[in-house]
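Colleague: This structure is in structure tokens; I'll ask about it shortly.
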Amino acid sequence: MTRFNQASQIALIISLAGSTAAFADVTAQQVWEDWQETMGMSGEVNIAIGSETASGGTISVTDLVVSMQEPDISVTSTIGSLEFTEQGDGTVAVTLSPENTIDLVLEGTPVSITATNDDMNIVVSGDPSEFNYAVSADSYALTVTSIEDDEVVLNDISVVISGISGTYVTHTSDLRNVSYNMAAENTTIVVDVSENGGGGVVQMAGTLADLAAAAQIAMPLNMMEMENPDNMFVDGFAVEGGYSVGATEYSMNFNADGDMAQGAASFDGANVALAMGMDGFAYQGAIQNLAANIVGSEIPLPVEFAMEELSYGIDVPVSASDDPQDFALNMTLGGLTVNELLWSMADPAGVLPHDPATVSFDLTGAAKLFFDVLDPSQADALAMSDMPGELHSLNLNNLTVSLVGAEILGDGAFTFDNTDLETFDGLPRPMGELNLAINGANGLIDKLIQMGLIPEQEAMMPRMMMGMFTTPVGDDMLTSKIEINEQGHISANGQRLQ
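Counted the way this note's numbering counts, the sequence shown spans residues 5 to 502.
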């Protein structure tokens, strides 16, 4: 496991450990009991309490230690003091000590972390079936204070989140439902470690503005007592949420065993969304106006690139059904540019246009599954099946490929007859059409000949193919319509191919 993977685990564990501070109920005692129950849902958790006292509507807890042991990692989180105070208006205030500790052992390496909060306020309202938390803090910081590794010198590893506000709601019925909506004005990340007695270094710095996160999670009540946790989705586990961030900047400096790399990246904003449960799986994300540069000992020359848009998405069913279910897949690499020094390697004479490049596609359709993909009891049958489902329709809503002066645009739609597996040799017979517009193709071929990348005689074949399957509609502008009819006949611009 790499140091960066370990650092990622540390950040995730700290985040989860810190979030447990926001659980309560309408009375102090209910608050404390619910908190302990919620902590017990986080895995194989041991809870130890130094002392617990109750007086005048306030429960005070000291030296709360929550620990978890896994094969490659152990976590021990210690909260010095914790108070649950009834405020006389049906709400409960939760106060925790301003400095607490988290001790990890990652693959045998002990790591100590200090968690500090400045002016954190947690007020809980609701009733015994639903708890509503209002959370705010001037800042929350996580700082690695020691790494017991003789090869590593710790200079600074920290995350500081400031201007925090949000809500957190839990509701218990046949499932335990948790939802949250949190925001932070600014976040800074610093990683600075060096090699003990050597020249190695790993440094990273990042600033993020307007971080926001929201999610809705449903969990089986007995989730952590299941004999087979793989059944959690079948038993009702589901999650839907994501995060977004505004202007972001990163820089990095890496040097190990004589190999070095330096770089920086920035973007105007980004977002990620995830939904997963028996109803389906969806994942999508986007980055706006990404710019990056990197130099290194293994890179022959400096690399700089920028992209106006990077986006992707997938939405697919995961459960068997009698009727076809919708699916979608899309991706966009929009407005990609690279530095002229990099272009000089591929096009030293500047023959090709160096305009921004775009590659984008958007697919939708409908399919029917024969199995519940997330049900472990059906895994063997799914693996052994020749055909786990049926494709019923496929739509190309958009295809755009634009680079080096040429462009391909396309769209189309097909349906599939799953009762006919003979016409196309075991595949369901399609019916529909694909429409293409091709601009600048001949000009690109001329430029590739000029550069010596394609011999002139070998360029005849692609020109002939375009002549066979396309129709001229303007100056170096071609169109093509590929059709498959209900008999399975394939034609291009009305000319029968099969």
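Ideal Cβ placement from N, Cα and C applies to all residues, glycine included. Computed from a prediction, not measured in an experiment: that's the story for all the values here.
1. Just curious, the beta strand (DSSP E) that Ser-150 is in, first and last residue?
2. Taking Cβ positions, are Thr-113 and Asp-153 nearer each other than 8 Å?
3. Helix, strand or coil: which one does DSSP assign to Val-322?
4. Considering only the beta carbon of each residue, do Gly-430 and Ala-417 sit closer than 8 Å?
5. Compute the distance between the beta-carbons of Gly-369 and Leu-395, then report whether it is under 8 Å.
6. Leaving out five residues before and five after Gly-284 in sequence, what residues of the same chain have Cβ atoms less than 8 Å from its Cβ?
7. Beta strand (DSSP E) containing Asn-453: first to last residue?
8. Does the region 375-387 come within contact of the region 342-356, defined as at least 3 CB pairs closer than 8 Å?
9. Just curious, the beta strand (DSSP E) that Thr-427 is in, first and last residue?
10. Ignore the nearest five residues each way along the sequence and tell me which others in Leu-425's own chain have a CB closer than 6 Å to its CB.
11. Could you give the uninterrupted runs of the alpha helix (DSSP H) lying entirely in the region 306-387, keeping only those of 4 residues or more?
12. Buried or exposed for Gly-262, going by 16 or more other Cβ atoms inside 10 Å?
13. Verify whether the separation of the beta carbon atoms of Phe-237 and Gly-281 is less than 8 Å.
14. Count the other CB atoms within 10 Å of the CB of Val-148; is the residue buried (16 or more) or exposed (fewer)?
15. May I have the straight-line CA-CA distance separating Asn-343 from Val-307, to the nearest angstrom?
16. Report the three-state DSSP secondary structure of Phe-473 (helix, strand or coil).
17. Count the other CB atoms, across all protein chains shown, that sit within 10 Å of the CB of Val-299; report buried if there are 16 or more and exposed otherwise.
18. Hey, quick one: how far does the alpha helix (DSSP H) through Ala-32 stretch, first residue to last?
19. Are the Cβ atoms of Asn-104 and Ile-77 separated by less than 8 Å?
20. Do the CB positions of Val-206 and Val-194 come within less than 8 Å of each other?
21. Considering only the alpha carbon of each residue, which of Val-139, Arg-180, Gln-292 lies closest to Ile-1?
22. Please report the straight-line C-alpha distance between Gly-60 and Met-186, rounded to a whole angstrom.
23. Around the C-beta of Pro-459, are 16 or more other C-beta atoms found within 10 angstroms, so that it is buried, or is it exposed?
24. Roughly how many angstroms separate the alpha carbons of Lys-485 and Ile-494, rounded to a whole number?
25. Can you tell me the Cα-Cα spacing of Asp-142 and Glu-87, whole angstroms?
26. Which value, in whole angstroms, describes the spacing of the CA atoms of Val-164 and Thr-192?
27. Would you identify the three-state DSSP class for Gln-461, choosing helix, strand or coil?
28. Going by alpha carbons, who is nearest to Ser-406 out of Asn-293, Asp-359, Ala-138, Gly-456?
29. Here's the rule: buried if 16 or more other CB atoms are within 10 angstroms of the residue's CB, otherwise exposed. What is Arg-500?
30. Under three-state DSSP, which class holds Pro-114?
31. By Cβ distance, which residues of its chain are closer than 6 Å to Gly-492, with the 5 residues on each side in sequence left out?
32. Considering Thr-191, what are the terminal residues of the beta strand (DSSP E) in which it resides?
33. Quick one, are the C-beta atoms of Thr-336 and Ser-364 less than 8 Å apart?
34. Look at the Cβ atom of Ala-217, then the Cβ atom of Tyr-172, and state whether they are nearer than 8 Å.
Modeller: Answer, in terms of the structure:
1. Bounds of the beta strand (DSSP E) holding Ser-150 are 134-151.
2. Against a cut-off of 8 Å, the Cβ pair of Asp-153 and Thr-113 comes out as a contact.
3. Coil, per DSSP.
4. In this structure, Ala-417 does not lie closer than 8 Å to Gly-430 by Cβ.
5. Yes. Within cutoff.
6. Closer than 8 Å at Cβ, skipping near neighbours: Asp-319, Val-320, Pro-321, Val-322, Ser-323, Gln-329.
7. The sequence given here has Ile at residue 453, not Asn. Here Ile-453 belongs to no beta strand (DSSP E); instead the alpha helix (DSSP H) covers 445-454.
8. Per the Cβ contact rule, the region 375-387 is not in contact with the region 342-356 (fewer than 3 Cβ pairs under 8 Å).
9. Unbroken run through Thr-427: none, as it is neither H nor E.
10. Excluding positions up to five away in sequence, the list is empty.
11. If we require 4 residues or more, the alpha helix (DSSP H) runs fully inside the region 306-387 come out as 344-350.
12. The C-beta of Gly-262 has fewer than 16 other C-beta atoms within 10 Å across all chains shown, which makes the residue exposed.
13. Contact flag set, yes.
14. Classified as buried, Val-148 has 16 or more neighbouring CB atoms from the shown chains inside 10 Å of its CB.
15. The alpha-carbon atoms of Asn-343 and Val-307 are separated by roughly 7 Å.
16. Shown here, Phe-473 sits in a helix according to DSSP, grouped into three states.
17. If you draw a 10 Å sphere on the C-beta of Val-299, you find fewer than 16 other C-beta atoms in it, and that means exposed.
18. Segment 32-43, the alpha helix (DSSP H) holding Ala-32.
19. Inclusion of Asn-104 and Ile-77 in the CB contact set at 8 Å is not warranted, their separation being larger than that value.
20. Not a contact, by the Cβ cut-off of 8 Å.
21. Because the chain in this structure spans residues 5 to 502, residue 1 falls outside the shown range and cannot be described.
22. Roughly 32 Å separates the two Cα atoms.
23. So Pro-459 counts as exposed.
24. C-alpha of Lys-485 to C-alpha of Ile-494: approximately 10 Å in a straight line.
25. Between Asp-142 and Glu-87, the C-alpha separation is close to 19 Å.
26. About 5 Å.
27. Of the three classes helix, strand and coil, the one that applies to Gln-461 here is helix, per DSSP.
28. The residue with the shortest Cα to Cα distance from Ser-406 is Asp-359.
29. Exposed, since its Cβ has fewer than 16 Cβ neighbours within 10 Å.
30. Three-state DSSP puts Pro-114 in a strand.
31. Around Gly-492, the same chain offers Thr-427, Arg-433 as residues with beta carbons nearer than 6 Å, after the five sequence neighbours per side are excluded.
32. Segment 179-199, the beta strand (DSSP E) holding Thr-191.
33. For the pair Thr-336 and Ser-364, the CB atoms are nearer than the 8 Å cut-off.
34. Taking 8 Å as the cut-off, the Cβ atoms of Ala-217 and Tyr-172 do not count as close.
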